[in-house]
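**Q**
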Amino acid sequence: MKQLLHPNFKLNSEAFSSSEALKKHAKFLCEKGKNDETTIGKFISEWLDENDFITVKTSGSTGVPKEIKLQKNHVFNSAEATTTYFDLKEETKALLCLPSEYIAGKMMLVRAMTGGWDLHTGAPDKNPLENANDDFDFTAMVPYQVFHSLSDLHNVKKLIVGGGAIPWKLEEQLQKIKTQVFATYGMTETISHIAVRPVNGVGKSVVFSALPKVNFSQTENGCLQIHASEISEEMVVTNDVVELISSTSFKFLGRIDNVINTGGVKVHPETVEEKLSQHINQQFFIASEKDDALGEQVILIVETDENISLENFYEAFQNISNFEKPRKIYTLSKFHYTETGKIKRAEVLKTLFGN
């Protein structure tokens with residue numbers, strides 16, 4: 001087993017003389033800590049126990065949440081790949097502001113414990129930097145947090161963003177930020193991210209590049225296959241349709257289970273959403289319903305209490321093709337979301353249309 005705890009690891013600037021000392025502190029957090037501190041304590045205890053695996057639950061954005069087991073040596077390798085890629089050496093000062101129930105938050109803890117970082121913890125609020133009195137070398141956020149932290153991002157040198165696509169308007173705002181921002185691609189099964197793309201700066205790109213020792217291929221229907229023996233003994237086959245640029249790079253197009261076949265033309269909702277996000281301020285997504293002529297027709301679902309129609313989005317629709325244009329609009333006052341902030345598309349559609 002690889003070294004699960006680096007001797008230089010600090011939690012909120014507190015050093016620990018041994019694994020036993022950290023276990024004792026983790027027990028204290030479990031018994032006396034607040035909600036987010038309790039989950040941090042529980043995971044530290046799990047990471048340092050005698051088992052060779054950890055148990056992680058999926059977010060449930062595309063199905064029922066489930067628990068899976070991940071080998072600790074694979075988790076270690078994933079952490080090492082991130083620290084190498086982003087050049088995060090010992091004594092890196094990092095901020096954990098994601099829920100530790102899920103893989104993204106757990107991996108911040110693992111990177112810190114195995115890499116010898118000084119990890120500071122904060123509640124996973126919408127602006128975790130608001131009350132922080134420190135500058136940080138590294139942190140990870142979801143897009144919702146990034147949006148609410150724009151005025152404070154100058155306190156962070158490197159930021160990775162995951163848990164969902166970065167809206168176009170937010171990405172535009174990040175061009176004015178000095179912080180190095182990277183979008184990430186990954187899932188619980190790949191132990192957090194296995195590819196990244198620079199969002200701002202001279203190297204900004206729409207293409208995701210693989211982390212060390214990760215390669216890609218495609219299925220016959222264009223879905224991404226991930227070859228990463230350091231983190232998974234088996235090839236990971238995704239439901240994500242991509243444009244494969246090379247064996248180590250790709251452009252994300254959308255999920256295959258979301259693809260709309262309208263009049264014989266395949267439309268990727270995520271691609272349409274990216275274009276429309278430049279003009280639509282509310283939360284929304286693209287879906288489909290059956291149509292006698294087209295087979296399926298594109299529809300627009302908007303989170304709002306207002307009485308709106310397709311005419312409200314005339315300007316937005318000028319940037320998409322005729323096949324991509326929604327034929328109907330539906331509204332719901334409140335969408336269903338996962339605990340990590342992703343829209344539960346299936347549940348929203350079920351609320352609108354039933355089964």
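Under the UniProt record's numbering, the residues of the sequence shown are numbered 1 to 355, in order.
For every residue, glycine included, the Cβ atom is placed at its ideal position computed from N, Cα and C.
1) Where LYS290 and ILE329 are concerned, what is the direct C-alpha to C-alpha distance, given to the nearest angstrom?
2) Can we say the stretch 294 to 313 touches the stretch 215 to 234, given the rule of at least three CB pairs closer than 8 Å?
3) For the stretch 78 to 98 against the stretch 217 to 227, do three or more pairs of beta-carbon atoms, one drawn from each stretch, fall closer than 8 Å, so that the two count as touching?
4) I need the boundaries of the beta strand (DSSP E) containing THR55, first residue and last residue.
5) Can you round the beta-carbon distance between GLN180 and GLY163 to whole angstroms, since I take them to be within the 8 Å contact cut?
6) Alpha carbon to alpha carbon, how far is THR271 from THR92?
7) Which whole-angstrom value is the C-beta distance of ILE44 and LEU96, which I expect to be below 8 Å?
8) Who are the Cβ neighbours of THR55 in its own chain at under 7 Å, not counting the five residues just before and after it?
9) Between the C-alpha atoms of LYS275 and ILE286, what's the straight-line distance to the nearest angstrom?
10) Along the alpha helix (DSSP H) that carries MET235, what are the first and last residues, could you check?
11) Buried or exposed: which applies to TYR314, given that a residue is buried once 16 or more other Cβ atoms fall within 10 Å of its Cβ?
12) Of all the options SER100, ILE191 and HIS227, which has the alpha carbon lying nearest to the alpha carbon of CYS30?
13) Only counting runs of 4 or more residues, tell me where the alpha helix (DSSP H) segments fall wholly within the stretch 222 to 289, in order along the chain.
14) For ALA183, report the span of its beta strand (DSSP E) as first-last.
15) Between which two residues does the alpha helix (DSSP H) carrying VAL142 extend?
16) With a cut-off of 8 Å on the beta carbons, I'd call VAL241 and LEU253 a contact; round off their distance for me.
17) For the putative contact between PRO167 and PRO143, defined by C-beta atoms under 8 Å, what is the C-beta separation to the nearest angstrom?
**A** Answer, in terms of the structure:
1) 14 Å
2) no
3) no
4) 53 to 57
5) Incorrect: roughly 19 Å between the Cβ atoms, too far for contact.
6) 36 Å
7) Between LEU96 and ILE44 the Cβ distance is about 11 Å, and since that is not below 8 Å, they are no contact.
8) GLU67 and LYS69
9) 11 Å
10) Taken as a continuous stretch (DSSP letters only), MET235 belongs to no alpha helix (DSSP H), as it is neither H nor E.
11) exposed
12) SER100
13) 269 to 276
14) 180 to 187
15) Run containing VAL142: none; DSSP gives neither H nor E here.
16) 5 Å
17) 6 Å
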